[in-house]
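Going down the list, the protein sequences come from chains A and B.
Read in numbering that gives the first Met the number 0, the first sequence has 235 at position 236, and its numbers run on one by one without any break.
Read in numbering that gives the first Met the number 0, the second sequence has 257 at position 258, and its numbers run on one by one without any break.
Where is the CB? At the ideal position from N, CA and C, for every residue including glycine.
Just so it is clear, the structure is predicted and the values come from calculations on it, not from any experiment.
What follows is one structure encoded as structure tokens, with my remarks underneath.
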Amino acid sequence: MTFITFLGRRAVHSVFVLLGLSILIFIIARIMPGDPARMAVGARAPQWVVDNLREQMHLTEPLHVQYYYWLRDALRGDFGISLVTRRPVADDIKEFFPATLELALLAGLINGAGGIILGTVSAWQRDKWVDNVVRVISYLGVVTPSFIFAVLFLLVFGMALEWMPTMGRLSHEIARPSTVTGLLTIDSLLAGDFRAFLDALRHLILPAVALGLGGMSQEARITRSTMADNLNKDYIAAERALGIPESVIMRSFLLKPSLIPTVSILALDFAATIGNAFLVELIFNWPGISRYGINAMLRKDLNAISAVILILGVVFILANIAVDIVVARLDPRIQLGAGRSE
Amino acid sequence: MVAVNSEIVPAKSLAWAKRSENLRRNWYKFSRNRLSIIGLSAVLLVTFLAVFAPLVAPYPEHASAFVDFANASRSPCREYPFGTDVVGRDIMSRIFFGFRFSLTMGVVVLALVVPPGVILGLMAGYYQGRWMDTVIMRTTDIFLAVPPLVLALAICSVLTPNLFNAMLAVSLMWWPWYCRLVYGLASTLRNEFFVASAETMGASRFHLLFREILPNCISPIFTKMSLDMGWVILIGSSLSFVGLGVQPPRPGLGTMVADGYKYLPDQWWIAVFPALAIVLVVLGFNLLGDGLRDMLAAEEV
Chain A
0 MTFITFLGRR AVHSVFVLLG LSILIFIIAR IMPGDPARMA VGARAPQWVV
50 DNLREQMHLT EPLHVQYYYW LRDALRGDFG ISLVTRRPVA DDIKEFFPAT
100 LELALLAGLI NGAGGIILGT VSAWQRDKWV DNVVRVISYL GVVTPSFIFA
150 VLFLLVFGMA LEWMPTMGRL SHEIARPSTV TGLLTIDSLL AGDFRAFLDA
200 LRHLILPAVA LGLGGMSQEA RITRSTMADN LNKDYIAAER ALGIPESVIM
250 RSFLLKPSLI PTVSILALDF AATIGNAFLV ELIFNWPGIS RYGINAMLRK
300 DLNAISAVIL ILGVVFILAN IAVDIVVARL DPRIQLGAGR SE
Chain B
0 MVAVNSEIVP AKSLAWAKRS ENLRRNWYKF SRNRLSIIGL SAVLLVTFLA
50 VFAPLVAPYP EHASAFVDFA NASRSPCREY PFGTDVVGRD IMSRIFFGFR
100 FSLTMGVVVL ALVVPPGVIL GLMAGYYQGR WMDTVIMRTT DIFLAVPPLV
150 LALAICSVLT PNLFNAMLAV SLMWWPWYCR LVYGLASTLR NEFFVASAET
200 MGASRFHLLF REILPNCISP IFTKMSLDMG WVILIGSSLS FVGLGVQPPR
250 PGLGTMVADG YKYLPDQWWI AVFPALAIVL VVLGFNLLGD GLRDMLAAEE
300 V
């Protein structure tokens, strides 16, 4: 099976998953007690306005027809008006999404790189003190919810030591670089504004670490255990017998096969990262799509809730496909699409 | 008649001896790892504190709406080991009662989630390649396409926020994981010899699924349940943290962290002790789950 067919099959599968997800979201949105038209215009609007709006929003039609209209609009990128910001939801998402992307990317980097390095060191120094320290830390990292990390970091690094800013993406006195990618660190570098870059990075660090620590610990544990298993394999013994230095064995023969489970679990970690971003963005007042989403949830802003969940579903599915491709590149035994065991 | 009876009795006691021998051996395997013992102790401690909270908490009346401004915001001292919150309630007592909500959440969610997840997974795994398999597993794909916390938050937000609806929302998100786990196990087990022979002997579907395949899935399911107690409690505390779970004045652990973090850094104890309590519960169930996994050799989880 070629790469293109693999991608095609995954794309078709993803479309069905997303359709299912949209039905699920539609059902959730319709369980809510109360009249969406009434909520949109407010309690004091006269009844005829509400009735007109009900007609406009297709609320008088049967459910499956309502779903059809909802999906059609969603596919056109029209998610309706947000009850909170009073703007089209699509505009809100365009504005808030890059902030979350920037945060999630750095968290993912900390998660992947940190986890692999810690896990490798731990396996390399097996049962020595370094290993024990890493194991205790990674255990604590796995079981601590990231909102607790966020609160603790806010307390220690933000408030007590005052090393890092605790709110938002950029200090007030610094001019926002012109938008190219929407990621402030990259935009400021493109504009050559080094001061803005440092400031954006300082804002980014605490929430990103709070988000990334859980996944990093998970990755470290998995990397360590796979490496420890692989160290006992015959081929390593053969290489040792041939007199190949331990560091070369580690780097050239052990690392790559040991990374397969680590990378496979990255997709799951990414899901956890997105979920936890909802709390971490709230705590650090990070103007991202998750904070937008949670505010929408707290105020029952259905259009915004549906759009945020749908977008996150798309992101998550894309991330899964990316992880599958990387795993297939790492593991020559997997032929994309054909030999993939579920 | 007498002869038959005299044969059965020793056989029975033999079975008992074997069972207790098994138990002893398993306990030995489990207890060799000090971390598993720590986990078990943490879980037992938390369960004890939760069950007997009205007896062991120093100020049981502080678990609900209670105001004592004379002792508001006191730092940890002898009368209040973990300090008091801004209206003068003892943090330690509230944490003990908070354990009750956490454990209830974990137990109820697992009780709601495991049976349907396991049954659907068994069916999909047994009828592999047929429409039943496709329908069930593609449905789990849909639920797994969004991070569980996000969809749980969304469901909670459209319902009235309280503990019951939080449990309902988390349950709706959690069954696909059991379905997946059992599906994987069942789809390999169904090709084993003992299943095939039972099939040839004309055993019913029910017998095949629940008496041949299911017993061989028990260890991984059990291990996953122990680990999941921790994760469900964690998600529950996250929901409480944003105000979609246990409602004040009731002391949910997440609710307490949310209330307390506004008073950082000066009154740090209001948020930090409930946060540590959450870590203790999740850590306990995880260590216990890891110990069970080693003991039962359930690597699939």
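Inset, instruction - List in chain order: all unbroken alpha helix (DSSP H) runs of 4+ residues lying wholly within the region 107–195 of chain B. - result: 130–143, 147–157 and 162–188
Legend entry - Against chain A: residues of the region 117–145 of chain B by CB proximity under 9 Å: M136, R137, T138, D140, I141, F142, L143, A144 and V145
Legend entry - Closer than 8 Å to chain B by CB, G274 of chain A: yes
Inset, instruction - Return the CA-CA distance between A106 of chain A and M215 of chain A, expressed in angstroms with no decimal places. - result: 9 Å
Inset, instruction - Specify, as a first and last residue, the run of the alpha helix (DSSP H) that Y138 of chain A falls within. - result: W128 to V142
Inset, instruction - Could you tell me if A44 of chain A is buried or exposed, where buried requires 16 or more neighbouring beta carbons within 10 angstroms of its beta carbon? - result: exposed
Legend entry - C76 of chain B burial status per 10 Å Cβ neighbour count (16 or more: buried): Residue burial is scored here from C-beta neighbours: C76 of chain B has fewer than 16 other C-beta atoms within 10 angstroms and is therefore classed as exposed.
Inset, instruction - Select from the region 246–266 of chain B all residues with a C-beta closer than 7 Å to any C-beta belonging to chain A, and list them in chain order. - result: For the region 246–266 of chain B, the beta-carbon criterion of a distance under 7 Å to any beta-carbon of chain A is satisfied by V256, Y260, L263 and P264.
Inset, instruction - Assess, as a yes-or-no matter, whether the region 102–118 of chain B is touched by the region 225–235 of chain B under the definition of 3 or more beta carbon pairs within less than 8 Å. - result: Under the three-pair Cβ rule at 8 Å, the region 225–235 of chain B counts as touching the region 102–118 of chain B.
Inset, instruction - For P87 of chain A, write down the residues that DSSP places opposite it in a beta bridge. - result: A:I80
Inset, instruction - In angstroms with no decimal places, state the Cα-to-Cα distance between E20 of chain B and G290 of chain B. - result: 19 Å
Inset, instruction - Could you tell me the boundaries of the alpha helix (DSSP H) in which K299 of chain A lies? - result: No alpha helix (DSSP H) contains K299 of chain A, which DSSP labels as neither H nor E.
Inset, instruction - Report buried or exposed for M0 of chain B, applying the criterion of at least 16 other Cβ atoms within 10 angstroms of its Cβ. - result: Note that M0 of chain B has pLDDT 44, beneath the 50 cutoff, so the model's placement of it is unreliable and no number is given.
Inset, instruction - May I ask you to check if the CB of W230 of chain B is nearer than 7 Å to at least one heavy atom of the ligand ZN? - result: Of ligands this structure carries none, so the ligand ZN is not represented either.
Inset, instruction - Taking all protein chains shown into account, decide if T180 of chain A is buried (16 or more other Cβ within 10 angstroms of its Cβ) or exposed. - result: exposed
Inset, instruction - Leaving aside the five residues before and after I308 of chain A along the sequence, list all residues of the same chain whose C-beta is less than 6 Å from its C-beta, in chain order. - result: I24
Inset, instruction - Measure from the alpha carbon of G312 of chain A to the alpha carbon of each residue in A:L329, A:A295, A:L267 and A:V325, then state which is nearest. - result: A:L267
Legend entry - Chain-ordered residues of the region 223–238 of chain B with a beta carbon less than 9 Å from chain A: G229, L233, I234, S236 and S237
Legend entry - Backbone CA spacing between I37 of chain B and V278 of chain B [nearest angstrom]: 14 Å
Legend entry - CB of L184 of chain B within 8 Å of CB of P146 of chain B, strictly: no
Inset, instruction - Can you tell me which of B:R18, B:L188, B:D89 and B:F100 puts its alpha carbon nearest to the alpha carbon of G124 of chain B? - result: B:L188
Inset, instruction - Can you pull the chain B residues whose beta carbon is under 7 Å from the beta carbon of V16 of chain A, in chain order? - result: D140, I141 and A144
Inset, instruction - Determine the burial state of Y79 of chain B: buried for a count of at least 16 other Cβ atoms within 10 Å of its Cβ, exposed for fewer. - result: Answer is buried; the Cβ neighbour count reaches 16.
Inset, instruction - Starting from I344 of chain A, trace the alpha helix (DSSP H) both ways and give me its first and last residue. - result: Chain A is shown only over 0 to 341; residue 344 of chain A falls outside these bounds and no answer can be derived.
Inset, instruction - Compare the beta carbon distance of T178 of chain A and L200 of chain A with 8 Å and say whether it is the shorter of the two. - result: no
Inset, instruction - Could you check what DSSP says for T46 of chain B in three-state terms: helix, strand or coil? - result: helix
Inset, instruction - Tell me, please, which residues DSSP counts as bridged to D89 of chain B. - result: DSSP output for D89 of chain B lists B:T83 as bridge partner(s).
Legend entry - Beta carbon of Y177 of chain B nearer than 8 Å to that of V134 of chain B: Cβ atoms of Y177 of chain B and V134 of chain B: not closer than 8 Å.
Legend entry - Chain-order list of residues whose beta-carbon lies under 7 Å from that of S74 of chain B (same chain, five-residue window excluded): G82 and W268
Inset, instruction - Using a Cβ cut-off of 8 Å (strictly closer), state whether P147 of chain B contacts chain A. - result: yes
Legend entry - Min CB distance I92 of chain A to chain B below 8 Å: Interface criterion not met: the Cβ of I92 of chain A is under 8 Å from no Cβ in chain B.
Legend entry - Under 8 Å from the C-beta of I308 of chain A: neighbouring residues of chain B: V145, V149, L150 and A153
Inset, instruction - Please name the residues in the region 53–67 of chain B whose beta-carbon is closer than 9 Å to at least one beta-carbon of chain A, in chain order. - result: none
Legend entry - Local Cβ density within 10 Å of F196 of chain A, reported as buried at 16 or more and exposed below that: buried
Inset, instruction - Run the CB neighbour count on W174 of chain B, radius 10 Å, all protein chains shown included, and call it buried at 16 or more, exposed below. - result: With a 10 Å radius around the Cβ and a threshold of 16 neighbouring Cβ atoms, W174 of chain B comes out buried.
Inset, instruction - Would you check if the region 207–214 of chain A and the region 235–255 of chain A touch, i.e. whether three or more CB-CB distances between them fall below 8 Å? - result: By the C-beta criterion, the region 235–255 of chain A is judged not to be in contact with the region 207–214 of chain A, since fewer than 3 inter-stretch pairs fall below 8 Å.
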